[in-house]
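Shown next, in structure tokens, is the structure this report addresses.
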Amino acid sequence: MKRPLKVIVVGGGVAGMSFARRLSTLMGSGEVDIRMLSKAAPETSNSYAAQGGVAAVIHPSDSWEQHRDDTLSVGAGRCEADVVERVVREGPACIQELLSFGARFDTDTQGRLSAASEGGHRAPRVVHHSDHTGAEIVRVLQRQVHNTKNIAISETLMALDLLVTEEHGTRRCQGVRTVDIQSGVVRGYFADVVVLATGGAGQVYQHTTNPFGATGGGVAMAVRAGVPLRDMAFVQFHPTALYDPERKGTFLISEAVRGAGAVLLQPDGTRLMQGVHPMVDLAPRNVVARAIHTVMREQNAPHVWLDARSVGERFAQQFPMISAHCRSIGMDPVNEMIPVMPAAHYLCGGILTDAQGRTTMDGLYALGECASSGLHGADRLASNSLLEALVIPQYAAVSVMKTGMQHWLPRDLDTGPYADTGKDPTIEGLLDSLRNVMTDHVGIVRDHRGLRGALQELKCMVTDVDRAWSEGERSLAFLELRDLVTVAHAICEQAIAEPYNVGTHWNTDLVPFPRDHSDLVMDRATPAPVANTREP
Ligand code: SIN
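The structure is reproduced here in structure tokens:
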């Protein structure tokens, strides 16, 4: 009797759930057996935290061609044009599908979907559910996935490594080794296809809008298995994270607040983005983040101001979560300015895939933020990531459906308890060092000397972590550190190799990329062009 196709999805956010749902409807029970593994519930994912929304053309005055052009412009010549076209064209259909699942997107007084403005978009295009759109999409997808018989969900399994076989010179992914974060039991799960949808890696930086679990697991596993990455130099910093020295977590103030009329001010109260870019406060994120970074550095200021007072009483209605958070720390965004600073937000690069999410390794797919499908290029257009996480998985599901089964699969296997689920203070110290190196030298503005020094330090950390691994260190904190060090090293290595300044990558020793749309940019952080001083 023919057995069902076995598929493992690592990660429980929007990309993983969209994929699992679609594959189960394509193949039906009995034909496919899908297991979703994640180290925490979807409520802790980057998807869930997304405030802004889904970029999709919904106004008759807008067009997919304009959405494509905005994506290409912000991606600064580094996008895959065919992937961009495919994804933006599917935007309206994705929104319709989510509505059919019961998503409650905001509408105007006539019941038409309302679209917000965000950076880099030349038309209002961001479909939203007040300021917690990610949570709304997770809610409806979760219901779909939970109601599907052939999808099994485990939310306490951290993936450690890919299980790879080699036959006649072809390497194939056959499964994933996981650790149960409650019991410490390590288990190998085998499958015909493994899909990585593990999200971002913002935790390599001191300040990030990402949740604590964004430790780059999928990207790190790919590195360890020799699967190529692309565009890792491009880390998007969100311009407006709330400056709150009392707290470790960094709270996002959505770009939609600027879309509603808020403006950035320097410490002395003058407009920050005036004269920097023609799109002023809604310029592409890399331009705004760099301008803020430059002002903070030049004026030795811990933050700049976001003045949302013009939004007035609409603020609480349009941004209830942000309003509640500000008020919980004694701040009134209707009458007071909000202190903000940039924070690491999104990994534009990742595991190299094609437009169907296929990596270069047989049996291995990557979707969402851990993947580099070619949609984002050198900087991501705001709210294009939820769209990507909804569209590419549809194509991946069709591709997986056509995948042949492996001849033989080993049985899933416990290899005994070996992870220590306790806290380890020495690892906290190592994490701090890693984040300091990345923030100081591989952050918003970089230079050759800093990058080279950082790479040396990161190489030492990789060696130390490898040694500790071979000596049997297995605490959960260590396992996350191992992933973070691997991802940080990849970001730094690819940043050093970038020959031009483009998108989010800004090295003061380099000149801008010739096709960087710099004709549009009057960036105060742009140094006078100098010869390309990159060393061979
Ligand atoms: C935001 O709401 O500003 C974030 C949206 C995004 O990152 O796409």
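Residue numbers for the sequence shown, in the working numbering: 792 to 1327. Built from N, CA and C at the ideal position, the CB exists for glycine as well. Here the structure is a predicted model, which means the values were calculated and not measured.
task = Please check the pair GLY771 and ALA1157, which I expect to be a contact at CB under 8 Å, by giving their CB distance rounded to whole angstroms.
result = The structure shown does not extend to residue 771, since the chain is modelled only from 792 through 1327, so no value can be given for it.
query = Would you say THR1151 and LEU1138 are within 8 Å of each other, going by their C-beta atoms?
reply = To locate residue 1151, count along the sequence shown from 1; it is residue 360. To locate residue 1138, count along the sequence shown from 1; it is residue 347. No, Cβ-Cβ distance for THR1151 and LEU1138 is not below 8 Å.
request  = Have a look at ASP861 and SER852 and give me their C-alpha separation to the nearest angstrom.
outcome  = What you label residue 861 is simply residue 70 of the sequence shown in a count that begins at 1. What you label residue 852 is simply residue 61 of the sequence shown in a count that begins at 1. Distance between the alpha carbons of ASP861 and SER852: 15 Å.
message = Taking 7 Å as the limit between beta carbons, can you name the residues of its chain near VAL823, skipping five residues before and five after?
response = Within the sequence shown, numbered from 1, the residue matching residue 823 stands at position 32. Cβ within range, chain order: PRO795, LEU796, VAL798, LEU814, SER815 and ASN941.
message = For SER1101 and SER838, I'd like the C-alpha separation in whole angstroms.
response = Stepping through the sequence shown from its first residue, residue 1101 is reached at position 310. Stepping through the sequence shown from its first residue, residue 838 is reached at position 47. Cα to Cα, SER1101 sits roughly 29 Å from SER838.
key: Close Cβ partners of LEU1242 (< 8 Å) along its chain, the five nearest in sequence each way excluded   = By one-based count along the sequence shown, residue 1242 stands at place 451. So the list reads HIS1232, VAL1233, CYS1283, ALA1286, ILE1287 and ASN1298, once near-sequence residues are dropped.
request  = Whole angstroms is fine: what's the gap from LEU948's alpha carbon to ARG859's?
outcome  = Sequence index remark: in the sequence shown, residue 948 carries index 157 (1-based). Sequence index remark: in the sequence shown, residue 859 carries index 68 (1-based). Roughly 38 Å separates the two Cα atoms.
message = By the three-class DSSP mapping on this structure, what secondary structure does SER1075 have?
response = As a first step, residue 1075 must be located in the sequence shown, where it is residue number 284. Before going on, a small fix: residue 1075 reads as Pro here, not Ser. Reduced to three states, the DSSP call for PRO1075 is coil.
query = Can we count TYR1137 as close to the ligand SIN, meaning its CB is less than 7 Å from some heavy atom?
reply = Mapped onto the sequence shown, residue 1137 falls at position 346. Checking the Cβ of TYR1137 against the ligand SIN gives yes.
inquiry  = For MET1128 and VAL1095, I'd like the C-alpha separation in whole angstroms.
reply    = Here residue 1128 refers to the residue found at position 337 of the sequence shown. Here residue 1095 refers to the residue found at position 304 of the sequence shown. About 10 Å.
key: Candidates GLY990, ARG1118 and SER809, of which the one nearest VAL931 by Cα   = Walking along the sequence shown from the start, residue 931 turns up at place 140. Closest by alpha carbon: SER809.
message = The beta strand (DSSP E) that contains ARG968, what's its start and end?
response = In the sequence shown, the residue the question calls residue 968 occupies position 177. Residues 961-971.
inquiry  = Using only the alpha-carbon positions, how far apart do VAL1312 and VAL1293 sit?
reply    = Position 521 of the sequence shown, counting from 1, holds the residue named residue 1312. Position 502 of the sequence shown, counting from 1, holds the residue named residue 1293. Bear in mind that a pLDDT of 39 at VAL1312, under 50, signals an unreliable position, so the number given afterwards is only what the model happens to contain. One C-alpha to the other measures close to 12 Å.
ask   = Quick one: Cα of LEU1246 to Cα of ARG1273, how far?
value = Position 455 of the sequence shown, counting from 1, holds the residue named residue 1246. Position 482 of the sequence shown, counting from 1, holds the residue named residue 1273. Going by the C-alpha atoms only, they are around 16 Å apart.
request  = Output the distance between the C-alpha atoms of ARG826 and SER820, rounded to the nearest integer angstrom.
outcome  = Numbered from its first residue, the sequence shown carries residue 826 at position 35. Numbered from its first residue, the sequence shown carries residue 820 at position 29. Distance between the alpha carbons of ARG826 and SER820: 13 Å.
ask   = Sorry if obvious, but does the Cβ on GLU1046 come closer than 7 Å to a heavy atom of the ligand SIN?
value = One-based indexing of the sequence shown puts residue 1046 at position 255. Yes, since a heavy atom of the ligand SIN falls inside the 7 Å radius drawn around the Cβ of GLU1046.
request  = Compute the Euclidean distance between the alpha carbons of PRO915 and ASP899, then round it to the nearest angstrom.
outcome  = Taking the sequence shown and counting its residues from 1, one reaches residue 915 at position 124. Taking the sequence shown and counting its residues from 1, one reaches residue 899 at position 108. Going from the Cα of PRO915 to the Cα of ASP899 covers about 13 Å.
inquiry  = Restricting to Cα atoms, I'd like to know which of ARG1021, GLY1017 and MET818 is closest to LEU1166.
reply    = Against the sequence shown, residue 1166 aligns to sequence position 375. Considering only alpha carbons, the answer is ARG1021.
Close-in-space but distant-in-sequence residues of the same chain around ALA811 (CB under 7 Å, 5 per side omitted) = Counted from its first residue, the sequence shown places residue 811 at position 20. Taken in chain order, the residues that qualify are VAL800, ILE825, MET827, VAL936 and ILE942.
inquiry  = Using DSSP's beta-bridge definition, name the partner residues of PRO1124.
reply    = On the sequence shown, position 333 is the one that residue 1124 refers to. Answer is none; PRO1124 lacks a bridge partner.
message = For a test of the three-state rule: what should DSSP assign to VAL1236, helix, strand or coil?
response = By one-based count along the sequence shown, residue 1236 stands at place 445. DSSP places VAL1236 in coil when its eight states are reduced to three.
Classification of GLU1219 by the beta-carbon crowding that lies within 10 angstroms, buried from 16 upward = Position 428 of the sequence shown, counted from the first residue, corresponds to residue 1219. Classification for GLU1219: exposed.
task = Examine the ligand SIN and report whether any of its heavy atoms sits within less than 7 Å of the Cβ of LEU1043.
result = Locating residue 1043 in the sequence shown gives position 252, where the first residue counts as 1. True, at least one ligand heavy atom lies under 7 Å from that Cβ.
query = Does the beta-carbon distance from PRO1002 to SER836 come in below 8 Å?
reply = The residue given as residue 1002 occupies position 211 in the sequence shown. The residue given as residue 836 occupies position 45 in the sequence shown. Yes, Cβ-Cβ distance for PRO1002 and SER836 is below 8 Å.
key: Closer than 7 Å: ALA1173 CB and nearest the ligand SIN heavy atom   = Position 382 of the sequence shown, counting from 1, holds the residue named residue 1173. It does: the Cβ of ALA1173 is within 7 Å (strictly closer) of some heavy atom of the ligand SIN.
ask   = Counting Cβ pairs, one atom from each stretch, are 3 or more of them under 8 Å apart for the stretch 1246-1256 and the stretch 960-975?
value = no
message = Could you compute how far the alpha carbon of LYS793 sits from the alpha carbon of LEU953?
response = Here residue 793 is taken as the residue at index 2 of the sequence shown, counted from 1. Here residue 953 is taken as the residue at index 162 of the sequence shown, counted from 1. Each residue's Cα considered, the two are about 26 Å apart.
inquiry  = I'd like to confirm something about SER1176: is its beta-carbon nearer than 7 Å to some heavy atom of the ligand SIN, or not?
reply    = Against the sequence shown, residue 1176 aligns to sequence position 385. Flag set: Cβ of SER1176 near the ligand SIN.
inquiry  = Just checking GLN842 against the ligand SIN - is the residue's beta carbon closer than 7 Å to any of the ligand's heavy atoms?
reply    = Start at 1 with the first residue of the sequence shown, and residue 842 comes out as number 51. GLN842: yes, Cβ under 7 Å from the ligand SIN.
key: Simplified DSSP assignment, three categories, for TRP1297   = On the sequence shown, position 506 is the one that residue 1297 refers to. Coil.
query = Within this structure, are the beta carbons of GLN1027 and ARG1226 separated by less than 8 Å?
reply = Position 236 of the sequence shown holds residue 1027. Position 435 of the sequence shown holds residue 1226. Going by C-beta atoms, GLN1027 is not nearer than 8 Å to ARG1226.
inquiry  = Between the alpha carbons of GLY868 and SER1190, how many angstroms are there, rounded?
reply    = By one-based count along the sequence shown, residue 868 stands at place 77. By one-based count along the sequence shown, residue 1190 stands at place 399. For GLY868 and SER1190, the distance between alpha carbons rounds to 28 Å.
Sequence-distant residues of its chain with Cβ nearer than 6 Å to ILE886 (five each side left out) = The residue you call residue 886 lines up with position 95 of the sequence shown. Closer than 6 Å at the Cβ level, and outside the excluded window around ILE886, lie ALA847 and VAL918.
request  = Please say whether ASP1123 and VAL1054 have beta carbons closer to each other than 8 Å?
outcome  = Reading the sequence shown from its first residue, position 263 is the one you call residue 1054. Reading the sequence shown from its first residue, position 332 is the one you call residue 1123. In this structure, ASP1123 does not lie closer than 8 Å to VAL1054 by Cβ.
ask   = Between the stretch 1195-1212 and the stretch 975-982, are three or more C-beta pairs nearer than 8 Å?
value = yes
ask   = For THR999, which of VAL1078, ARG1038 and VAL1018 has the nearest alpha-carbon?
value = For the purposes of this step, residue 999 is taken as residue 208 along the sequence shown, with counting starting at 1. Minimum Cα distance to THR999 is reached at ARG1038.
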